[in-house]
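Take a look at the structure set out below.
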Amino acid sequence: MMQFIRTDRLCLRVLLLILWLGSTGFEMGANANAADQPNILFIFSDDHAQAAISAYGSRVNKTPHLDRLANEGVRFTNSFVTNSICTPSRATLLTGQYSHLNAVPVFNRFDGSRDHAAKHLQKAGYHTGMIGKWHLGSDPTGFDRWIVLPGQGAYWNPQFLVPGNRKLTIEGHCTEVTTQLGIEFLETRPKDRPFFLMLHHKAPHREWAPDLKNQALFADREIPEPETLFDDYATRPAALPENEQTIANDLTRRDLKMEPPEELQGAERNRWLGEKPTQVSVGGKNLEGKDLVKWKYQRYMQDYLACVQGVDDSVGQILDYLDKNDLAKNTVVIYTADNGWYLGEFGLYDKRFMYEPGLRTPLLARGPGIANGWISKEMVMNIDLAPTFLGLAGITPPESMQGKSLVQLLKGQVPDNWRPAVYYRYYHDPGHHNTRAHYGVRTGTHKLIYYWKKDAYELFDLVQDPLEQRNLLGDPATADAPSTRSLFEKLKTQLGDLQKQYGDDGRYADPVDWPKGGVDGPFNEFKPLGKKSVAEAIGVSVSAASN
Ligand SMILES: [Ca+2]
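Just so you know, we're using the numbering used here here: the sequence shown kicks off at 7 and counts up by one.
Here it is as structure tokens:
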């Protein structure tokens, strides 16, 4: 009898042990699965300069929520774009390809039938969503739910496009509305699958219309000026002197938020707002010359930084939501911007030029398996983002993607033979801001830029001259020095090798070859649904194609 009881107890113990092991094993299995397929929350902003984030040492603002991402994750100090404008960058983000391969070199429509990251994630079981600024002309593909701004979209009371050729309006400020749409997407997502959400802000794009709270916060701020606000473009005559993205000459009265005289109405009012003032009366004082440039810089930066603050607030709200809903532990959060941006360096605003502020973007990531407080100095690019999304989900990126997965770097490990240089190409010439077309190579220490329509080169030593003020080929003191000539030859070879490596055969160099189809509407074929709440809008964002 005793024996029987003992056996019984033993059986019970064994049974309990099996149950415990089973449950532990199950948990490990579930964790392994979750680690293989974490949620991916990709937050994208438009024109956010790396130098306007305090984690990157900003001299002009504080971004506590983005800093939190940096402190709890990985901050990439050398993150670059392939073509520093909106639409091409977005096509690269999805496809992991340079513009010459994804066929979006300028502001032309993306062919949604092409292969891209969201399609792979959707196929792998992810619930995929695209919210906010899209700017690719065609309807999003590969997303279970999408709700996107038409073209550039509006800062206030924005209209959105949704599946089924419909459009609706949501009242409020675009950054706040986009954030609320993101949270509503997370609230209503199927909870039994991982999600991939692309949350794309319009801010801080021109014309820099901030929300009222942040506008008030920055209204009287005195923003430090960059060293090169009054750059004379010496040694760099090829393209800078004729560019039309200068603080001095190219900000309109609309950009500067000047109030039109009351008597001006309609077209006249618009014309007045579109003009670029050469003198301005402020508080009874007439400003011109350098004083006017300084005033314009302050006006521009106050609104730009207030828009950035709205994005930072949004990141804070999203991180709080993840914390409150126990999602932070299995959600990778990535933050970056679609291109670089000038905060008055070289006397400029806008992007396009391959100088450092235009070439580099913020890139921050936090989440399961990602190193804590790590700084990666490796040269990474926006072609790497699509393969990284797939890498995080345990999917092997297709050969067609030209970038490299950053998953190892995110763990704080540097793979052998990481790329020693990046290749850049800007096509939009003739185009906005009269920026001449160019391509170039940036290594860890130098940069060579070639303006192909001008047959002109610029060569910079980034270690000695990080502000790129002295083109070694344009300065008589260095132009003919043997060391300059040998460096020039070496970089020209490296540039040619990169073009071969990435398969850039020069297509789209001539504007007659640019693919057709615009990205800015007019979107008249979309049926108006009127004003909607955030919840109603997410309700109609379900894509029929996803079923
Ligand atoms: Ca942009």
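Ideal Cβ positions, reconstructed from N, Cα and C, are used throughout, including at glycine.
Inset, instruction - Would you kindly work out how many angstroms separate the C-alpha atoms of residue 546 and residue 338, rounded to a whole number? - result: Counting from one through the sequence shown, the residue named residue 546 turns up at place 540. Counting from one through the sequence shown, the residue named residue 338 turns up at place 332. The alpha-carbon atoms of residue 546 and residue 338 are separated by roughly 27 Å.
Legend entry - Residue environment, residue 347, which counts as buried when at least 16 other CB atoms sit within 10 Å: Translated into the one-based positions of the sequence shown, residue 347 becomes position 341. Under this definition residue 347 is a buried residue.
Inset, instruction - Any chance you could list the residues with Cβ under 5 Å from a heavy atom of ligand 1, keeping chain order? - result: 52, 53, 92, 344 and 345
Inset, instruction - List the endpoints of the continuous alpha helix (DSSP H) containing residue 495. - result: Along the sequence shown, one-based indexing puts residue 495 at 489. That run of the alpha helix (DSSP H) goes 488–507.
Legend entry - One or two residues paired with residue 252 in a DSSP bridge: Within the sequence shown, numbered from 1, the residue matching residue 252 stands at position 246. For residue 252, which the question treats as bridged, DSSP gives the partners 354.
Legend entry - Contact under 7 Å by Cβ, residue 3 with residue 71: Because the chain spans 7 through 553 in this model, residue 3 falls outside it and cannot be assessed.
Legend entry - Per DSSP, cross-strand counterpart(s) of residue 340: Numbered from 1 along the sequence shown, position 334 holds the residue referred to as residue 340. Looking at the DSSP assignment, residue 340 forms a beta bridge with 48 and 371.
Inset, instruction - Report the partner residues of residue 345 according to the DSSP bridge assignment. - result: On the sequence shown, position 339 is the one that residue 345 refers to. The partner list for residue 345 (beta bridge, DSSP) is empty, contrary to what the question assumes.
Legend entry - Contained beta strand (DSSP E) runs [length at least 3] in the region 166–229, N- to C-terminal order: 172–175 and 201–206
Inset, instruction - Please state whether DSSP places residue 547 in a helix, a strand or coil. - result: The sequence position of residue 547 within the sequence shown is 541, counting from 1. In the structure shown, residue 547 sits in coil (DSSP, three-state: anything other than H, G, I, E or B).
Inset, instruction - Scan the region 360–441 and note each continuous alpha helix (DSSP H) run of 4 residues or more that stays entirely inside, going in chain order. - result: 362–365, 391–398 and 413–416
Inset, instruction - Ignoring anything shorter than 4 residues or poking outside the region 79–151, list the alpha helix (DSSP H) runs there in chain order. - result: 92–101, 105–108 and 123–129
Legend entry - For residue 535, the first and last residue of its enclosing beta strand (DSSP E): Working through the sequence shown from its first residue, we reach residue 535 at position 529. First-last of the beta strand (DSSP E) with residue 535: 533–537.
Legend entry - For residue 446, three-class secondary structure by DSSP: Within the sequence shown, numbered from 1, the residue matching residue 446 stands at position 440. Strand.
Inset, instruction - Give the secondary structure of residue 4 by DSSP, where H, G and I count as helix, E and B as strand, and everything else as coil. - result: With the chain covering 7 to 553 only, the question about residue 4 has no answer from this structure.
Inset, instruction - Please report how far the alpha carbon of residue 446 lies from the alpha carbon of residue 496, in whole angstroms. - result: As a working note, residue 446 is residue 440 in the sequence shown. As a working note, residue 496 is residue 490 in the sequence shown. Cα to Cα, residue 446 sits roughly 13 Å from residue 496.
Legend entry - Under 7 Å between C-beta atoms of residue 367 and residue 51: One-based indexing of the sequence shown puts residue 367 at position 361. One-based indexing of the sequence shown puts residue 51 at position 45. Not a contact, by the Cβ cut-off of 7 Å.
Inset, instruction - Have a look at residue 543 and residue 188 and give me their C-alpha separation to the nearest angstrom. - result: Here residue 543 refers to the residue found at position 537 when the sequence shown is read from its first residue. Here residue 188 refers to the residue found at position 182 when the sequence shown is read from its first residue. Whole-angstrom Cα-Cα distance: 11 Å.
Inset, instruction - Taking the CB atoms as reference points, tell me whether residue 186 and residue 175 lie closer together than 7 Å. - result: Along the sequence shown, read from residue 1 onward, the residue named residue 186 stands at position 180. Along the sequence shown, read from residue 1 onward, the residue named residue 175 stands at position 169. No, these two residues do not count as a Cβ contact at 7 Å.
Legend entry - Secondary structure of residue 296, DSSP reduced to three states: Position 290 of the sequence shown, counted from the first residue, corresponds to residue 296. Reduced to three states, the DSSP call for residue 296 is helix.
Inset, instruction - Put residue 22 into one of helix, strand or coil per three-state DSSP. - result: As a first step, residue 22 must be located in the sequence shown, where it is residue number 16. Any answer about residue 22 is weak, because its pLDDT of 49 lies below 50 and its placement is not dependable; what the coordinates show is given next. Helix at residue 22.
Inset, instruction - State whether the region 482–491 contacts the region 510–520, with contact taken as three or more CB pairs (one from each stretch) at a distance under 8 Å. - result: no
Legend entry - Pick from 419, 422 and 392 that is closest to residue 411, judged by C-alpha positions: The sequence position of residue 411 within the sequence shown is 405, counting from 1. Comparing Cα-Cα distances from residue 411 to each of 419, 422 and 392, the minimum goes to 392.
Inset, instruction - Can you tell me which of the three DSSP states residue 154 falls into? - result: As a first step, residue 154 is located in the sequence shown; it is residue number 148 there, counting from the start. DSSP places residue 154 in strand when its eight states are reduced to three.
Legend entry - Closest Cα partner of residue 199 within the set 135, 218, 213 and 225: Within the sequence shown, residue 199 is the residue found at index 193, counting from 1. The residue with the shortest Cα to Cα distance from residue 199 is 135.
Inset, instruction - Buried or exposed for residue 225, please, with buried defined as at least 16 other CB atoms from any protein chain shown within 10 angstroms of its CB. - result: Along the sequence shown, read from residue 1 onward, the residue named residue 225 stands at position 219. Per the 10 Å Cβ criterion, exposed.
Legend entry - Spatial distance of residue 105 from residue 142 (CA atoms): Locating residue 105 in the sequence shown gives position 99, counting from the first residue. Locating residue 142 in the sequence shown gives position 136, counting from the first residue. One C-alpha to the other measures close to 13 Å.
Legend entry - C-alpha gap between residue 282 and residue 248, whole angstroms: To locate residue 282, count along the sequence shown from 1; it is residue 276. To locate residue 248, count along the sequence shown from 1; it is residue 242. Rounded to whole angstroms, residue 282 to residue 248 spans 16 Å at the Cα level.
Inset, instruction - In the DSSP assignment, find the unbroken beta strand (DSSP E) run with residue 465 in it and report its ends. - result: As a position in the sequence shown, residue 465 is number 459, starting the count at 1. Segment 462–467, the beta strand (DSSP E) holding residue 465.
Legend entry - Beta-carbon proximity check, residue 204 vs residue 48, cutoff 7 Å: Here residue 204 refers to the residue found at position 198 of the sequence shown. Here residue 48 refers to the residue found at position 42 of the sequence shown. Yes, Cβ-Cβ distance for residue 204 and residue 48 is below 7 Å.
Inset, instruction - Name the two residues that bound the continuous beta strand (DSSP E) containing residue 454. - result: Residue numbering aside, residue 454 sits at position 448 when the sequence shown is read from its first letter. Taken as a continuous stretch (DSSP letters only), the beta strand (DSSP E) holding residue 454 covers 452–457.
Inset, instruction - For the region 473–480 and the region 54–72, state whether three or more C-beta atom pairs, one from each stretch, are separated by less than 8 Å. - result: no
Legend entry - Minimum C-alpha distance to residue 298 - residue among 329, 310, 334 and 252: Locating residue 298 in the sequence shown gives position 292, counting from the first residue. When only C-alpha atoms are compared, the closest one is 252.
Inset, instruction - For residue 180, collect the residues of the same chain with a Cβ closer than 6 Å to its Cβ; drop the 5 residues on either side in sequence, then sort them by chain order. - result: Mapped onto the sequence shown, residue 180 falls at position 174. Within the same chain, residue 180 has close Cβ partners 161, 164 and 208.
Inset, instruction - Answer yes or no: do residue 178 and residue 147 have a C-beta to C-beta separation smaller than 7 Å? - result: Locating residue 178 in the sequence shown gives position 172, counting from the first residue. Locating residue 147 in the sequence shown gives position 141, counting from the first residue. Not in contact: residue 178 and residue 147 (Cβ atoms no closer than 7 Å).
Inset, instruction - Compute the Euclidean distance between the alpha carbons of residue 401 and residue 43, then round it to the nearest angstrom. - result: In the sequence shown, residue 401 corresponds to position 395, counting from 1. In the sequence shown, residue 43 corresponds to position 37, counting from 1. Each residue's Cα considered, the two are about 9 Å apart.
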